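Engineer: Order-wise, the sequence lines are chains A and B. Quick note: the first sequence uses my numbering, first residue 6, plus one each step. Quick note: the second sequence uses my numbering, first residue 6, plus one each step.
Number of protein chains: 2
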Amino acid sequence: MKFSSKIDRCQLSPIRKFAPYARAAEKAGKKIYSLNIGNPDIATPSAYKEALRSYDAATVGYGPSEGLEVYLNAVMSYYDVKLGVKLEKGEVIATTGGSEALCIAANALLDEGDEIICPEPFYPNYSTFVTIPGGRICPMPTTPENGYRYAVREHVEACINEHTKAILVTNPGNPTGCVLTEEEMRIMLDVAKEHDLFLVCDEVYREFVYDGSPLRSALQYEGYDQNLIIVDSVSKRFSACGARVGVLISKNMEFMHHAMKWCQARLCPPTVDQIAAAALYTVDEHYFEMVREEYKRRRDTMVSRLQAIPGVQCKMPDGAFYLMATLPVDDADKFQMWLLTEFEGDATVMFASGEPFYATPGKGKNEVRLAYVINCDAINGAMDVLERALREYNNK
Amino acid sequence: MKFSSKIDRCQLSPIRKFAPYARAAEKAGKKIYSLNIGNPDIATPSAYKEALRSYDAATVGYGPSEGLEVYLNAVMSYYDVKLGVKLEKGEVIATTGGSEALCIAANALLDEGDEIICPEPFYPNYSTFVTIPGGRICPMPTTPENGYRYAVREHVEACINEHTKAILVTNPGNPTGCVLTEEEMRIMLDVAKEHDLFLVCDEVYREFVYDGSPLRSALQYEGYDQNLIIVDSVSKRFSACGARVGVLISKNMEFMHHAMKWCQARLCPPTVDQIAAAALYTVDEHYFEMVREEYKRRRDTMVSRLQAIPGVQCKMPDGAFYLMATLPVDDADKFQMWLLTEFEGDATVMFASGEPFYATPGKGKNEVRLAYVINCDAINGAMDVLERALREYNNK
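1. Counting only beta-carbon atoms, is A/Ser218 nearer than 8 Å to chain B?
2. Is A/Arg406 buried or exposed, if buried means 16 or more other CB atoms sit within 10 Å of its CB?
3. For B/Cys206, report the span of its beta strand (DSSP E) as first-last.
4. Between A/Lys2 and chain B, is the shortest Cβ-Cβ distance under 8 Å, so that the two count as touching?
5. Measure the alpha-carbon distance for A/Gln279 versus A/Gly102 and round it to whole angstroms.
6. Just how far apart, CA to CA, sit A/Asn44 and A/Pro275?
7. How would you list, in chain order, the residues of chain B whose beta-carbon sits under 7 Å from the beta-carbon of A/Gln16?
8. Compare the C-beta of B/Ile235 against all C-beta atoms of chain A and say whether one is closer than 8 Å.
9. Between A/Leu253 and A/Val236, which are expected to be in contact by the criterion C-beta below 8 Å, what is the C-beta distance as a whole number of angstroms?
10. Within the same chain, show all residues whose beta-carbon is closer than 7 Å to that of A/Asn399, passing over the 5 residues directly before and after it, in chain order.
11. Under 9 Å, CB to CB, which of the residues in the stretch 356 to 370 of chain A have a partner in chain B?
12. Would you identify the three-state DSSP class for A/Ala63, choosing helix, strand or coil?
13. Taking the CB atoms as reference points, tell me whether B/Tyr131 and B/Ala99 lie closer together than 8 Å.
14. Are the beta-carbon atoms of B/Val90 and B/Ser255 separated by less than 8 Å?
15. Run through DSSP, which three-state label would B/Leu173 get?
16. Can you pull the chain A residues whose beta carbon is under 7 Å from the beta carbon of B/Glu105, in chain order?
17. I'd like the list of long-range same chain contacts for B/Ala283, defined as Cβ closer than 6 Å, with 5 residues on each side in sequence excluded.
18. Would you please verify whether the beta carbon of B/Cys108 is less than 8 Å from any beta carbon of chain A?
19. Measure the alpha-carbon distance for B/Gln341 versus B/Glu372 and round it to whole angstroms.
20. If A/Met193 and A/Val174 are in contact, beta carbons under 8 Å, what's the gap, nearest whole angstrom?
21. Taking C-alpha atoms, which residue in B/Val378, B/Val308, B/Glu347, B/Glu360 lies nearest to B/Lys35?
22. Quick check on this structure: which residue in A/Pro19, A/Val250, A/Asp289, A/Arg374 has the alpha carbon closest to the alpha carbon of A/Val308?
23. Quick one: residues in its chain with C-beta nearer than 6 Å to the C-beta of A/Ala352, no 5 flanking neighbours on either side, listed in chain order?
24. Verify whether the separation of the beta carbon atoms of A/Leu272 and A/Asn232 is less than 8 Å.
25. State the Cα-Cα distance for the pair A/Tyr128 and A/Trp267, rounded to the nearest angstrom.
26. Taking DSSP's pairing of strands, which residues face B/Gln318 in a bridge?
27. Can you list the alpha helix (DSSP H) stretches of 4 or more residues lying completely in the stretch 35 to 90 of chain A, in chain order?
28. In whole angstroms, what is the alpha-carbon distance linking B/Tyr292 and B/Ala245?
29. Given B/Leu57, which residues of its chain have a CB within under 7 Å of its CB, disregarding the five upstream and five downstream residues?
30. Along the stretch 145 to 173 of chain B, what residues have a CB closer than 9 Å to any CB found in chain A?
31. Looking only at its chain, what residues have a beta carbon closer than 7 Å to the beta carbon of B/Ile47, apart from the 5 residues adjacent to it on each side?
32. Nearest to B/Arg191 by CA position, among B/Asn257, B/Lys368, B/Tyr226, is which residue?
33. Give me the residue from A/Ala197, A/Ser70, A/Pro219 with the minimum Cα distance to A/Leu185.
34. Flag B/Lys54 as yes if its beta-carbon sits less than 8 Å from any beta-carbon of chain A, otherwise no.
35. Quick one: what's got a C-beta closer than 6 Å to A/Tyr60's C-beta in the same chain, skipping five residues either side?
36. Alpha carbon to alpha carbon, what distance is there between B/Lys87 and B/Gly72?
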């Protein structure tokens, strides 16, 4: 039996592919420090559960394909009050997580052989979203020495060819934590506009910038309406990853028309979660400050511990809640498998192997992405394990 | 700016495209009888809301990509106890509604130019799901005179060519209500197996068969494991359309491996809805009997009223909760627009225009799909409106 050549080219997620081994290790009584996935342990604001408790519709019916009004209004109000961005009805579509928003954008833009430019390393699921409609990622290499910065006009333009349809960036960056400066963001927007491309800005980590001024959303720059697509979500903002409620924003009405075709086919995002997500948007600024402070402590703890392990290299990330680290191993995937199946002790560590964060062949083999989404004590525990594991792995 | 040629070929859903006009009519004080969409008014079992109320996790985290164990176990137990079908772990993946299951199947199977055979008329969103990966539906025409039956070996085989990848059926049928007999189902399975095709059975209406014996699921036939893909959902079964929890089932492990690539990329279905969906599976058989009786009354009411309207033709459907009707109008789409924007009175009716239920050009223009998902009083009200509207529309 033959399958789609496109799905054949896709891979299992490096972030989730070891999950079965982890569950086996856990069932065998092992504690797992999960640094592989951005699934924070920060409590979801109580507004979420309060909304669930007061949900009282007799029938859990479909909502509109573009999203429930209560949720769309909450999103529009957040953009207005917090960012000074006025969004109109029709410019915002509720999605089943930021993931669906990315999937819709890729499917609306890409034909077989089309390309999306993406700074590398990038979130590996981008590969799947881009490959499913037949596209490919054209990677823009960055280096830790250069702080993973990518917004250099000549470098971006060197990637543009007749197949290019869009540029896709995560800002703040996943996995690098790189945050675009105002000038850099303007370069990305200008290049997109001049070359008639879409700039897809995945800003789900917008709240998490630890030094300097807060993130300036791409929507806050004027004059780029027709080129801009924003992906956003409640998952990270409110530690509500399982709520699966995101948003796709664009002022390009032709794009939104195509997006609605997808949205109407899949009917609607989850009804109750949209109502609860709307409630999440009522939390005050103090919540964000508190969470940001907590992530900053975790980041600092993880970076200082990592930098003290012989052979490990990593940079201090500016935003989001991930970092890329180089480990003194030949193959991070093999090391991960060893950690889950052979490493002795009552605890072990999971990370995301680096290779799938790169489209350039051969890169990232000795790198890992670590998510600082567990508390400082747990991070210290994880770093103790990693330090000992690296010693034992390299002496075996 | 250029968009995907595939999304260009997609259309807005005929079931949802009039929604903005309906909302305008509603805001102007008009009552709308919504027969256009399968969004029942039957109460969702209280187990759903009880599960929401007792949800107590501190953080609404991601679940596994294949679904939460509590939900998968509930589904597997339903198949075991109710249908005698033993499913193993790995053969069942939780999806964000049956819609996502269909989308995954289409994307795992279809390349540009590939075909899926589908009895016509069919659920129009199938077109979108099939067109997005570049495929097309090869329609197998059926007629009301023949009860919309399609499982005739020669007819199915006549549609098979080198581009064919699968056969897709809704059983019980949407929009026709056609329910496959045991011999018919075996024909579909045999043809699929002999020609090395997948048979995708969308069985979301499984519970709703009004005459004769209950539906025999395709899974209950032995010997077709490698060819069978089942799409199922809690939406219709428990009147919980907004819960967005479905399931993709197959014993073909290569297919499930490809499906998991999609599932890992989109991370997971909604966490709370999966927990509540698991609770829904605890309702007893009495619930299904009661709901079935109610739909049967609605079906009988609608059919007898429709058949009494001059110029309207429709057949008694055997299952699901839709019927196709021919109206004495030139163009059902124009009639719908007139009903929403010009028809005078305090109430109006929405239906789904017939044309997008057909891939064969020119067919279905004077047909509509009606969903008998509102109670008998409302159906009578809707039929009063329809009768008067047809008279006025044809006399204007």
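Here a beta-carbon is modelled for each residue, glycine too, at the ideal position from N, C-alpha and C. Every value quoted in this text rests on a predicted model; they were computed, and no experiment measured them.
Structural biologist: The relevant details are as follows:
1. Judged by the 8 Å Cβ criterion, A/Ser218 is not in contact with chain B.
2. Since the first and last residues shown for chain A are 6 and 401, residue 406 of chain A lies out of range.
3. If you look at B/Cys206, you'll find it in the beta strand (DSSP E) that goes 203 to 207.
4. Residue numbering for chain A in the displayed model covers 6 to 401; residue 2 of chain A lies beyond these limits and cannot be assessed.
5. Rounded to the nearest whole angstrom, the C-alpha separation of A/Gln279 and A/Gly102 is 10 Å.
6. The alpha-carbon separation between A/Asn44 and A/Pro275 amounts to approximately 20 Å.
7. Contact annotation for A/Gln16 against chain B: Lys266 [CB-CB distance below 7 Å, chain order].
8. No, no contact with chain A.
9. Contact flag correct, Cβ pair sits at about 6 Å.
10. Here the set comprises Pro333.
11. So nothing in the stretch comes that close.
12. In the structure shown, A/Ala63 falls within a coil segment according to DSSP collapsed to helix, strand and coil.
13. For B/Tyr131 and B/Ala99, no; Cβs fall outside 8 Å.
14. Going by C-beta atoms, B/Val90 is not nearer than 8 Å to B/Ser255.
15. In the structure shown, B/Leu173 falls within a strand segment according to DSSP collapsed to helix, strand and coil.
16. For a Cβ distance threshold of 7 Å, residue set Arg271 of chain A lies close to B/Glu105, ordered along the chain.
17. Cβ-Cβ distances below 6 Å link B/Ala283 to Val75, Tyr76, Ala79 in the same chain, with the five nearest sequence neighbours on each side left out; the list follows chain order.
18. At least one C-beta of chain A is nearer than 8 Å to the C-beta of B/Cys108.
19. One C-alpha to the other measures close to 11 Å.
20. With a beta-carbon spacing of about 7 Å, A/Met193 and A/Val174 fall inside the 8 Å limit used to define contacts.
21. Among B/Val378, B/Val308, B/Glu347, B/Glu360, the Cα nearest to that of B/Lys35 belongs to B/Glu347.
22. Comparing Cα-Cα distances from A/Val308 to each of A/Pro19, A/Val250, A/Asp289, A/Arg374, the minimum goes to A/Arg374.
23. Around A/Ala352: Lys36, Val390.
24. No, the Cβ-Cβ distance between A/Leu272 and A/Asn232 is not below 8 Å.
25. Cα to Cα, A/Tyr128 sits roughly 23 Å from A/Trp267.
26. Answer is B/Thr331, bridged to B/Gln318.
27. Every unbroken stretch of the alpha helix (DSSP H) spanning 4 or more residues and falling wholly within the stretch 35 to 90 of chain A is given here in chain order: 52 to 59, 74 to 88.
28. Going from the Cα of B/Tyr292 to the Cα of B/Ala245 covers about 14 Å.
29. Scanning its chain for C-beta atoms nearer than 7 Å, with the 5 sequence neighbours on each side dropped, one finds around B/Leu57 the residues Val277, Ala281, in chain order.
30. Of all residues in the stretch 145 to 173 of chain B, only Lys170 come within less than 9 Å of chain A when Cβ atoms are compared, listed by chain position.
31. Taken in chain order, the residues that qualify are Ser244, Val296, Glu299.
32. Residue B/Tyr226 is the option with its Cα nearest to B/Arg191.
33. The closest CA to that of A/Leu185, considering only A/Ala197, A/Ser70, A/Pro219, is found on A/Pro219.
34. Chain A contact via Cβ: present.
35. Here the set comprises Val277.
36. Taking the CA atoms as reference points, B/Gly72 sits about 21 Å from B/Lys87.
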